[in-house]
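In UniProt numbering, the protein residues as written are 1 to 77.
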């Protein structure tokens, strides 16, 4: 192997190890994005907070909890 091939191989291995480490521990922003609903204004939870309204189902067991300010006027009070 030449020096160029070894460098490329080393960079590739480092990149793969870095991506595996990042993927295994998703940060809060990524988790919030994938647990969101209603145009990313709501959050999927088992139960909603007092300041939120249940609007639609996220899954069979989760509710889409949305702040009252984000709902259209014809849906919320």
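Built from N, CA and C at the ideal position, the CB exists for glycine as well.
> Which residues in the same chain have their Cβ closer than 7 Å to the Cβ of residue 52, if we skip the five residues on either side of it in sequence?
Replying inline: Locating residue 52 in the chain shown gives position 52, where the first residue counts as 1. 65, 66 and 67.
> Quick one: what does DSSP say residue 13 is sitting in, helix, strand or coil?
Replying inline: Here residue 13 refers to the residue found at position 13 when the chain shown is read from its first residue. The answer is helix: DSSP assigns residue 13 an H, G or I state.
>> So if DSSP puts residue 60 in a beta bridge, which residue, or which two residues, is it bridged to?
In response: Residue 60 sits at position 60 when you count from the first residue of the chain shown. Answer is none; residue 60 lacks a bridge partner.
> So, residue 41 versus residue 62, is the Cβ gap smaller than 8 Å?
Replying inline: Here residue 41 corresponds to residue number 41 of the chain shown, with the count starting at 1. Here residue 62 corresponds to residue number 62 of the chain shown, with the count starting at 1. Their beta carbons are not under 8 Å apart, which means residue 41 does not touch residue 62 by this criterion.
>> For residue 43, count the other beta carbons within 10 Å of its own beta carbon; 16 or more makes it buried, fewer makes it exposed. Which is it?
In response: Counting from one through the chain shown, the residue named residue 43 turns up at place 43. Per the 10 Å Cβ criterion, buried.
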